[in-house]
Each structure stands twice: as C-alpha cells, then as structure tokens.
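Have a look at the structure below, then the notes.
Protein chains: 2
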Amino acid sequence: MQQSSQFTADVEPSIPGLSRYAELATDLRARILRGQWEPGQALTAEAELARAYGVALGTIRQAIALLVDQGLLERRHGKGTFVKAGLGGASMLRFFRFRHADSSQAPTSRILNRKRIPADAATSQALTIPENAPVLALERLRSIAGQPCLLETIMLPLPLFEPLASSDPAAWGDLLYPEYQRRCGVVVHQAEDQLSFDTLGASNARRLGLTKGHPCVRVRRRAYDLTGRCVELRITLGDAFDFEYTAHVR
Amino acid sequence: MQQSSQFTADVEPSIPGLSRYAELATDLRARILRGQWEPGQALTAEAELARAYGVALGTIRQAIALLVDQGLLERRHGKGTFVKAGLGGASMLRFFRFRHADSSQAPTSRILNRKRIPADAATSQALTIPENAPVLALERLRSIAGQPCLLETIMLPLPLFEPLASSDPAAWGDLLYPEYQRRCGVVVHQAEDQLSFDTLGASNARRLGLTKGHPCVRVRRRAYDLTGRCVELRITLGDAFDFEYTAHVR
DNA sequence: CAGTGGTCTAGACCACCGC
DNA sequence: CGGTGGTCTAGACCACTGG
C-alpha cells in the first residue's frame, strides 16, 4: 500500500561522492528552510525519521549531529530535537564592560531617527541588494541606567521590513531581533561582527555624551537568517575605554 | 593467558554516573598528559584500543570524538589519530591588519630586554605562583617589513623557563612558542586573549614609532599547556588604528 | 598491499521528561 | 507510563594513506 503522509520524504536520489548521512542532513536542512518545522518547534522523532528514510538510527543521528553543530538544531534529552530559535539581541553588550552598570542591568533603547533611503554602495553590497534599492535606516541609542552608551545605525532591506516602517517605534521592545521576528517573520540566526577603532565626529559624540575626537569602537555587524541571507547591516559605536573582549585561541 | 603489553590499560573501576565513553576519554586524557603519546605522535589505533579496553569500536570512537573537540586530539583519515601539536605562535597577528604589509609577510622579532624579577601581584595570580616567586621578564618588539608594530611584555615562571634565561636570544626564532617547546619542553596548547583599549605612554610610544598618547589596543594573553596550567602571561600593545577583528555570533 | 579512520546496520537497553 | 534522545554492541564494508 502506498503511504502518502505529507511528512514522508520523497527519498532523494543518492548523490554520488556524498555519504548517506550528509544527504540526509541536506534534505533535513531543506525541509527546515522550507518551513516544515518552525523555529522553536520539535522535529519528527529520530526513530520515525529513520523509518521514513529507510536508514538505521545511527545514520539519522549522524545527520542530526551535523545540523546541530551547524547551529541549526538543538537536542534536548527526553524532549526532542528542536529547530533553533533566533538570537536574543543583547549580544552587542559582550564587547563592552560598562563601569556604571550595576551587575547585569538590561539596556534600554530609543529610536532617534527612522527613514526610507536608497541603499548606498556599502549597504547594497552587505545586504546583496541592488544599489539604490530602498532600505529602512534606523538610528538608535542604547542606554544603561540612563547613561547613553551605544549608538547604532541600522540598515534593513525593504519591503521585507515594511512593518517596521509603519508601526510606532515607541511600541517596540528594547531588543530589536524579537521585533524582526514578531513583525516581519525574520529570524536572525547568526551574525558576524567586525571590530575596529575610530574617533567620534561631533554629532555622534554629542549623542553619546562624549567629546569630539574621543576614541570609539566600531562594530560592523551583518546578521543572517536561517537561509544564510544577510538581513541586517548595523554599525555600532561605543566608548573605546569601555571596550573589553575575551577571545579563546586554540 | 595473561596479556602484559605496556599499552594495555589497567581497566579503571567503572565510575558511577559517568558513561563508558566518558570514562575512556578521561583515561586516554590522563595517559596523554602522562606523556604516553607525545604531541604530534599517533595514538594506538582505534581497533586496538577497543580490544584493549574491551569495548565496541563505536564506544572508543565516541571517547576519541570527545577529546577531538576538546582540542586534544586530531584525526587524519587513513593515517591515524594524533595528539595535537602546540600553537604556532603567529596568533597575535589575527587581531591586526597592517596596511603596509605586502600580503602575509612574516613578522620579525627582537628581544629588547630580559631579566629575572620577582612576580608582582598580577603576574603571580595569572601564573598561579606565589607572589615574588622568580619569573623571567622579556620585552620584545615585533616588526613587519622593518616597521615596528607590536610591543610585548612577557612573564615566564622560573625555573621552568630557565633555558631561556641563559641561552642567547639572538639564536631564537621569530616565534616564541616553538622555542618554549624546543628549549623548555613546554607545549602551548591554548590561550585566552583579553582585549582592551588604552593610550600609549611616552616610552612605549617611542619604541613603536608613535606619539605619546596615541590610541592602542592592549591584548592580555594567558597561555596554557596541555594540563591546563598557565605557563605565560603576555601583554601586547599595538596601534589601535591597525586593529581589526572578526567575531562570529551564534 | 596492509593499516588506518569513516560509514552503516539492526538491534538492545538506559536516562530523562511530562502527563 | 509512553515517548524522547543517549549509550553500547558486534559486526560489515568503504575510503584514504603510504610503502
């Protein structure tokens, strides 16, 4: 009898030169990106997947292990295997230690500016969109205990982020990534931060409560969704004397 | 018949609450630290180990996998499983991009200063030795294409590094970690870098060919051997405007 | 060619979770 | 309790390495 469950994989043709578990991982990844399982949701059980694909348990487990250390899946003993939820959004703080911060105080954030503009060269390249394509530009000030500490310029491709162009910024939370997900269905899954040093111009210095020419750290972040598409370009400026970062070398 | 190969493990008592492969990993780790296999040398083959320990192949493979992603072992298909050799030593460059450097030019290094001193508080704490215990203090200038770029202050515990206190620094190579290994038997296996920002004092600025008060990055490195003991404290200073670092967030 | 790690199977039983 | 992932076995065969 022909089984016709929507979850049964159309067994893909064996790809020569690729191990069985690598094929399975590729197929699972495709199904996840296709949205068959939402972020935060549990995958079909290993045993069931093994049956569906017609492989041994160990093989499907190897495939899952691959996606786990690619950061796409997460195992929870006794509960299931879950599609990873997006980044929280507080990750910019890890580069800075703020002297005046009493323990792990949550930063507040305020949108200073929001406008639609055509993408400049750097933005279009980072977001892989045509030059002059429309983007939403945000300027945002983050503070801890009332002290301004980080100034951010954020570029978001339109029309993907259209909901953010029309809704009231005052209604947004202090973290942006959850808003991306809630309002635009965009899940930020990983990011790449490029750090360098610079000095502040007059207007940026004023907004951070510092003097013109003050040394600052510049974090250029590109954030990516599950499919690997770059969905955000963000430039963050902060006082260089607040900067501290630990890296492990192996 | 009793087998008496020197490699046969005295089968350790099963540790309750710990999986078999975790036990095996612990035992293998101990044997490696004990020096049963030197860094760079191949481990006994998986099949042989499985026989010796009286477990299935898959179990010993899981144990080895643990040590591999702890960075202690390295597998090479068709050749064997090897104890990881130490760090090369050029790793400080990864924080800096030097504009004048023609591609990946190797840096040269010169010892400016070498003396025995009693450990100050910070040094003794980092190296976990008593305060005022003897250390070897090195000052070292690294250059690319004749341009001074990094100034380092290095603290090494004595008597472990005694060979470096007596030999001629001119005979040392441009990388220190290989010298640690060759002359003192110390293998640097991993390190932790703590980055922060500062401005140069007059004397340091002079040695780097910069002006007093110039912005600089300060990298405080603690280097560890295979056993996890801290064997080096190093403070590196470099021009902040040459600094660039990329971090991945997941 | 012999020796190594890499893949895969078809089972068994254990440990954790939540109802 | 049933369902999940975690551990372990005892094999088979494949793929890479080097003499």
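Residue numbers (our numbering), protein chains in the order written: chain P, 1 to 250; chain H, 1 to 250. All residues carry an ideal CB built from backbone N, CA and C; glycine is no exception.
Task: Backbone secondary structure at Asp120 (chain P) - three-state DSSP - done: The residue labelled residue 120 (chain P) in the question sits at position 120 within the first sequence. The three-state reading of DSSP puts Asp120 (chain P) in coil, since its state is none of H, G, I, E or B.
- [ ] Could you give the DSSP three-state label for Val83 (chain H): helix, strand or coil?
- [x] Along the second sequence, read from residue 1 onward, the residue named residue 83 (chain H) stands at position 83. When secondary structure is reduced to three states using DSSP, Val83 (chain H) falls in the strand class.
Open item on the list: With distance defined between alpha-carbon atoms, name the residue in P:Asp198, P:Glu131 and P:Ser109 nearest to Ala121 (chain P).
Closed with: Translated into positions along the first sequence, residue 121 (chain P) becomes position 121. The closest CA to that of Ala121 (chain P), considering only P:Asp198, P:Glu131 and P:Ser109, is found on P:Glu131.
- [ ] Sort out for me which residues DSSP pairs Ile129 (chain H) with in a bridge.
- [x] Translated into the one-based positions of the second sequence, residue 129 (chain H) becomes position 129. The partner list for Ile129 (chain H) (beta bridge, DSSP) is empty, contrary to what the question assumes.
Task: Coarse secondary structure for Ile144 (chain P), derived from DSSP in three states - done: By 1-based counting over the first sequence, the position of residue 144 (chain P) is 144. It is a strand residue.
TODO: Compare the Cα-Cα distances from Ile154 (chain H) to each of H:Glu232, H:Gln36, H:Phe98 and H:Trp172 and report the closest residue.
DONE: Stepping through the second sequence from its first residue, residue 154 (chain H) is reached at position 154. Nearest to Ile154 (chain H) by alpha-carbon distance, out of H:Glu232, H:Gln36, H:Phe98 and H:Trp172, is H:Glu232.
TODO: Please confirm if the stretch 206–217 of chain H is in contact with the stretch 182–192 of chain H, defined as three or more CB-CB distances below 8 Å between the two stretches.
DONE: No, the stretch 206–217 of chain H is not in contact with the stretch 182–192 of chain H.
- [ ] Report the neighbours of His77 (chain P) on chain H: residues whose CB is nearer than 9 Å to its CB, in chain order.
- [x] Counting from one through the first sequence, the residue named residue 77 (chain P) turns up at place 77. Per Cβ cutoff of 9 Å: no residues; His77 (chain P) is ~13 Å from chain H at best.
TODO: Answer yes or no: does any C-beta atom of chain P fall closer than 9 Å to that of Val186 (chain H)?
DONE: To locate residue 186 (chain H), count along the second sequence from 1; it is residue 186. With 9 Å as the cut-off, Val186 (chain H) does not count as an interface residue toward chain P.
Task: chain H residues whose Cβ lies nearer than 9 Å to that of Gln190 (chain P) - done: Position 190 of the first sequence, counted from the start, is the residue given in the question as residue 190 (chain P). Simply His248, Val249 and Arg250.
- [ ] Pull up the distance between the alpha-carbon of Leu136 (chain H) and that of Pro178 (chain H), whole angstroms please.
- [x] As a working note, residue 136 (chain H) is residue 136 in the second sequence. As a working note, residue 178 (chain H) is residue 178 in the second sequence. Going by the C-alpha atoms only, they are around 17 Å apart.
TODO: Below 6 Å CB to CB, which residues in the same chain sit around Val219 (chain H) once its five sequence neighbours on both sides are set aside?
DONE: For the purposes of this step, residue 219 (chain H) is identified with residue 219 of the second sequence, where counting begins at 1. Within the same chain, Cβ atoms closer than 6 Å to the Cβ of Val219 (chain H) are found at Asp193, Leu195 and Thr236, the five residues on either side in sequence being excluded.
Open item on the list: Buried or exposed for Ser19 (chain H), going by 16 or more other Cβ atoms inside 10 Å?
Closed with: Here the question's residue 19 (chain H) lines up with position 19 in the second sequence. The residue is exposed, with fewer than 16 neighbouring Cβ atoms inside 10 Å.
Task: Through-space distance from Val249 (chain H) to Gly228 (chain P), alpha-carbon basis - done: Counting from one through the first sequence, the residue named residue 228 (chain P) turns up at place 228. Counting from one through the second sequence, the residue named residue 249 (chain H) turns up at place 249. Rounded to whole angstroms, Gly228 (chain P) to Val249 (chain H) spans 13 Å at the Cα level.
- [ ] Note down, in chain order, all residues in the stretch 134–155 of chain P with a beta-carbon under 9 Å from any beta-carbon belonging to chain H.
- [x] The stretch 134–155 of chain P vs chain H, Cβ under 9 Å: nothing.
Task: Any chain H beta carbon closer than 9 Å to Pro215 (chain P) - done: In the first sequence, the residue the question calls residue 215 (chain P) occupies position 215. Interface residue, yes.
Task: Residues, ordered as in the chain, of the stretch 46–63 of chain P that lie near chain H by beta-carbon distance below 9 Å - done: Using a CB distance below 9 Å, the part of the stretch 46–63 of chain P facing chain H consists of Gly58, ordered along the chain.
Task: Neighbourhood of Pro157 (chain P) by C-beta distance below 6 Å, restricted to the same chain and skipping five residues each side - done: Counting from one through the first sequence, the residue named residue 157 (chain P) turns up at place 157. Counting only Cβ-Cβ distances below 6 Å, and skipping sequence neighbours, we find Leu127, Ile129 and Val135.
TODO: Check each candidate in P:Phe95, P:Ala25 and P:Leu141 and name the one with the smallest Cα separation from Ile111 (chain P).
DONE: Translated into the one-based positions of the first sequence, residue 111 (chain P) becomes position 111. Residue P:Leu141 holds the alpha-carbon nearest to the alpha-carbon of Ile111 (chain P) among P:Phe95, P:Ala25 and P:Leu141.
Task: Same chain only: Cβ atoms within 7 Å of Gly86 (chain P), ignoring 5 sequence neighbours per side - done: Along the first sequence, read from residue 1 onward, the residue named residue 86 (chain P) stands at position 86. Within the same chain, Gly86 (chain P) has close Cβ partners Pro39, Tyr177, Gln181, Val187, Val188 and His189.
Open item on the list: Determine, for Arg221 (chain H), whether the minimum Cβ-Cβ distance to residues of chain P falls below 9 Å.
Closed with: Taking the second sequence and counting its residues from 1, one reaches residue 221 (chain H) at position 221. Yes, because at least one Cβ of chain P sits closer than 9 Å to the Cβ of Arg221 (chain H).
Open item on the list: Can you check which of these residues, H:Asp27, H:Asp239, H:Thr108 and H:Ala30, is closest to Val217 (chain H) by C-alpha distance?
Closed with: Residue numbering aside, residue 217 (chain H) sits at position 217 when the second sequence is read from its first letter. By alpha-carbon distance to Val217 (chain H), the top candidate from H:Asp27, H:Asp239, H:Thr108 and H:Ala30 is H:Asp239.
Open item on the list: Is the separation between the beta-carbon of Lys84 (chain H) and that of Ala42 (chain H) shorter than 9 Å?
Closed with: Start at 1 with the first residue of the second sequence, and residue 84 (chain H) comes out as number 84. Start at 1 with the first residue of the second sequence, and residue 42 (chain H) comes out as number 42. Not closer than 9 Å, so no.
Task: chain H residues whose Cβ lies nearer than 8 Å to that of Phe243 (chain P) - done: Sequence index remark: in the first sequence, residue 243 (chain P) carries index 243 (1-based). Ordered by position in chain H, the residues that pass the 8 Å Cβ test against Phe243 (chain P) are Leu195, Ser196 and Phe197.
TODO: Compare the C-beta of Gly228 (chain P) with all C-beta atoms of chain H and state if any pair is closer than 9 Å.
DONE: Within the first sequence, numbered from 1, the residue matching residue 228 (chain P) stands at position 228. Output row for Gly228 (chain P): interface = no.
- [ ] Find the residues of chain P that neighbour Cys71 (chain H), judging by a C-beta separation of less than 9 Å, and give them in chain order.
- [x] By one-based count along the second sequence, residue 71 (chain H) stands at place 71. Reading off the sequence, residue 71 (chain H) comes out as Gly, not Cys. For Gly71 (chain H), the neighbours in chain P by C-beta distance under 9 Å run, in chain order, Arg250.
- [ ] Alpha carbon to alpha carbon, how far is Gly54 (chain H) from Gln70 (chain P)? Give it in angstroms, no decimals.
- [x] One-based indexing of the first sequence puts residue 70 (chain P) at position 70. One-based indexing of the second sequence puts residue 54 (chain H) at position 54. CA-to-CA, the gap between Gln70 (chain P) and Gly54 (chain H) works out to about 33 Å.
Task: Burial state of Pro215 (chain H) (16 or more Cβ within 10 Å) - done: Counting from 1 along the second sequence, the entry for residue 215 (chain H) is found at position 215. Classification for Pro215 (chain H): buried.
Open item on the list: Looking at the secondary structure, which residues open and close the beta strand (DSSP E) in which Glu192 (chain P) lies?
Closed with: In the first sequence, counting from the first residue as 1, residue 192 (chain P) sits at position 192. It spans Gln190 to Thr199 - the beta strand (DSSP E) in which Glu192 (chain P) sits, taken as one unbroken run.
TODO: Could you give the DSSP three-state label for His248 (chain P): helix, strand or coil?
DONE: Sequence index remark: in the first sequence, residue 248 (chain P) carries index 248 (1-based). In the structure shown, His248 (chain P) adopts extended strand secondary structure according to DSSP, grouped into three states.
Task: 6 Å Cβ shell around Glu244 (chain P) - same chain, five flanking residues per side excluded - done: Translated into the one-based positions of the first sequence, residue 244 (chain P) becomes position 244. For Glu244 (chain P), the CB contacts under 6 Å within the same chain, skipping 5 residues up- and downstream, are Arg97 in chain order.
TODO: Specify the secondary structure class of Leu66 (chain P) as computed by DSSP and reduced to three states.
DONE: The residue you call residue 66 (chain P) lines up with position 66 of the first sequence. Helix.
Open item on the list: Counting only Cβ pairs nearer than 9 Å, list the residues of chain H close to Ser19 (chain P).
Closed with: Walking along the first sequence from the start, residue 19 (chain P) turns up at place 19. By Cβ distance, chain H contributes nothing, its closest Cβ being about 12 Å from Ser19 (chain P), past 9 Å.
Task: Ser124 (chain P) versus Pro118 (chain P) - alpha carbon distance - done: Counting from one through the first sequence, the residue named residue 124 (chain P) turns up at place 124. Counting from one through the first sequence, the residue named residue 118 (chain P) turns up at place 118. C-alpha separation (whole angstroms): 9 Å.
Open item on the list: Quick check on the DSSP output: the beta strand (DSSP E) that includes Leu237 (chain H) runs from which residue to which?
Closed with: What you label residue 237 (chain H) is simply residue 237 of the second sequence in a count that begins at 1. Its beta strand (DSSP E) spans residues Cys230 to Asp239.
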